[in-house]
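Undergrad:
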Amino acid sequence: MVVMNSASRLYAEAQQVIPGGVCASYRTNRALGHPFFVSRGAGAYVYDLDGHEYVDMCMSHGASLLGHNHPAIKAAVARALDLGIICSYDTEYHTALARKIIELVPGAEMVRFAGSGTETVMHAVRLARAVTGRDVIIKFEGHFHGYSDQVYFSSAPPLTAAGPAAEPTPFAQSSGMPADLGDLVVVVPFNDPAALEAAFARRGHEAAALIMEPINYDAGCIVPQPGFVELCRDLCDRYGVLLFFDEVLTAFRMAPGGAQQVLGVTPDLCVLGKALGGGMPISAIAGRRDVMMAFRPVGDCEHSGTYLAHLTTVLAALAALEEYARPGFYARLEVVGRRFYDGFQEIAERKGIPVHLQHVGPRFGMYFGLTEEVTNYRQAAQQDMDMLARFTGGCTVRGAYFHISAHHGFSAAHSEADMDRVLEAVEGAMSDLGAG
Ligand SMILES: Cc1ncc(COP(=O)(O)O)c(C=O)c1O
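Position 151 (the sequence shown) corresponds to 150 in numbering that gives the first Met the number 0; numbering is contiguous.
#1: Would Ile84 be called buried (16 or more neighbouring beta carbons within 10 Å of its own) or exposed?
#2: Are at least three pairs of beta-carbons, each pair with one atom in the stretch 283 to 299 and one in the stretch 124 to 136, less than 8 Å apart?
#3: Report yes if the C-beta of Ser63 is less than 8 Å from at least one heavy atom of ligand 1; otherwise report no.
#4: Going by alpha carbons, who is nearest to Pro167 out of Ala62, Ser153, Leu64?
#5: Compare the C-alpha of Asp81 against each of Leu314, Leu369, Gly61, Gly239 and name the closest.
#6: Can at least three beta-carbon pairs, one atom from the stretch 397 to 417 and one from the stretch 56 to 70, be found at a separation below 8 Å?
#7: Over the uninterrupted beta strand (DSSP E) stretch that includes Ile137, give me the two end residues.
#8: Below 8 Å on the Cβ atoms is my contact criterion, and I expect Arg133 with Ala207 to pass it. Report the Cβ-Cβ distance as a whole number of Å.
#9: Please list, in chain order, all residues of the same chain as Ser173 whose beta carbon is under 8 Å from its beta carbon, the five residues on each side excluded.
#10: Assign Asp417 to one of three DSSP states: helix, strand, or coil.
#11: Since I believe Asn28 is in contact with Asp191 (beta carbons under 8 Å), could you give me their beta-carbon distance rounded to a whole number of angstroms?
#12: Return helix, strand or coil for His204, following the three-state DSSP convention.
#13: Report yes if the CB atom of Pro18 is closer than 9 Å to the CB atom of Arg26, and no otherwise.
#14: Quick check on Cys22: buried or exposed, where buried means 16 or more other Cβ atoms within 10 Å of its Cβ?
#15: When DSSP labels each residue in this structure, what does Met211 get in the three-state scheme?
#16: Curious, which full-length alpha helix (DSSP H) runs of at least 4 residues does the stretch 38 to 106 contain?
#17: Looking at Gly364 and Glu333, is the spacing between their C-beta atoms short of 9 Å?
#18: Please report the residue range of the alpha helix (DSSP H) in which Asp245 lies.
#19: Quick one: residues in its chain with C-beta nearer than 7 Å to the C-beta of Tyr323, no 5 flanking neighbours on either side, listed in chain order?
#20: Less than 9 Å between the C-beta atoms of Ala285 and Ile214, yes or no?
#21: Let me confirm a value: Tyr92 is counted as buried when at least 16 other C-beta atoms fall within 10 Å, else exposed. Which label applies?
#22: May I ask you to list the residues that DSSP assigns as paired with Gly364?
#23: Kindly examine ligand 1 and report whether one of its heavy atoms sits closer than 8 Å to the Cβ of His122.
#24: Looking at the structure shown, is Leu268 part of a helix, part of a strand, or coil, going by DSSP?
#25: Which two residues bound the contiguous beta strand (DSSP E) that contains Val187?
#26: Which residue from Ser87, Gly393, Val354, Phe390 puts its Cα closest to that of Leu369?
#27: Could you give the distance in angstroms between the alpha-carbon of Val297 and the alpha-carbon of Arg125?
#28: Near Phe401, what residues of its chain come up, given a Cβ to Cβ distance below 8 Å and the 5 sequence neighbours on each side ignored?
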């Protein structure tokens, strides 16, 4: 069992100068009683302040799909440093990266860049409103699209404040969000065709975009039921609404063209993030040429910023896309994933732990306390969060770091042997759950 002596000390110090002792609220870790402070990362591993090694099953919440400290990303960043730490200037590499994304992502005819996922969604929502001349955004309950006031509604509402199941009440996920903004958001249950049709009948003519996670990892791992994404596409076409895929988490994860390639439905507009930069902060807005041409200076929709597409991140993204294109990249993720998913299932069954595992590619959700397929947020919200916390905490002290969050995952740096180490931790943590 690992004892994180230095973490408690640093936590006490951090809390004196950083609210809550964390630089992002979700880094709080109630399973451990302090944040999971690390000293460094390498490949599939992270190291705590006392030097203990952990197999990382968080992987920067999905950003580090290549593993930590990947040599190609390091070399790209080093090259950008040599070129002068350029920011606020475009280079030939920006065009090369846009070209590469257009080659890979089915819905990408033109591309602009931003930093975080939150930022890129914010710009894309404005673009959708500019193009359609409409203000309303339709979104699914349990789908998360970053923290901007425009869309930070009903991504994880308490069920007591979520409203009727078929017509949820937009729930502001933070204080400080002007209440009136909720009037511009229509929340719909995922995988409910009748509710979606009804929402379009009510507000479709006012809507600029239907935004969705094509695979809803932010509620664990919920896949669209057969025909549902096609219905989204069809309703958008009928009502003149832009179909907007938030692929911040799904981009490049299960295929080079992301979830849109796998699902075979092409959105009008999409955003890409996380894996795009191989651990460096870059995101992209991509979509139909006529939509993208509404950005200034061609159209009149503003999108600008000093740090947009910093060269360190652009070169890192070019390097990451090259790695994803290597033969066998996704096949290997499948093999390693199979080792973990099958092993997890076998241990849970043997130990009699009620948990439903759902996965697509190298990311997954574990619904403790549930034993049937989860198809929407309200089912996911029935999971036993205490059990999840005891499980993730139990794995972490055994050397496999799972953050206490909805989704988890591994990287291309993880081997089958690493997964065996994780499964040993799973075995121990599940034994404790069974005993408790
Ligand atoms: C689907 C989705 N959209 C947007 C975001 C926000 O991205 P970021 O954390 O880079 O701001 C996230 C982050 O978890 C996400 O999963």
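A virtual CB, placed ideally from N, CA and C, is assigned to each residue, including glycine.
TA: Taking the structure as given:
#1: Label assigned to Ile84: exposed.
#2: yes
#3: no
#4: Ser153
#5: Leu314
#6: yes
#7: 135 to 139
#8: 4 Å
#9: Taken in chain order, the residues that qualify are Tyr146, Tyr151.
#10: Here DSSP, grouped into helix, strand and coil, assigns Asp417 to helix.
#11: The C-beta distance from Asp191 to Asn28 rounds to 34 Å, too long to meet the 8 Å contact threshold.
#12: helix
#13: For Pro18 and Arg26, no; Cβs fall outside 9 Å.
#14: exposed
#15: strand
#16: 70 to 81, 91 to 103
#17: no
#18: First-last for Asp245: 241 to 246, but that is the beta strand (DSSP E), not the alpha helix (DSSP H).
#19: Phe251, Pro255
#20: Between Ala285 and Ile214, the C-beta spacing is not below 9 Å.
#21: buried
#22: Gln357
#23: Flag unset: Cβ of His122 not near ligand 1.
#24: strand
#25: 184 to 187
#26: Val354
#27: 15 Å
#28: Met56, Cys57, Phe390, Thr391, Cys394, Thr395, His407
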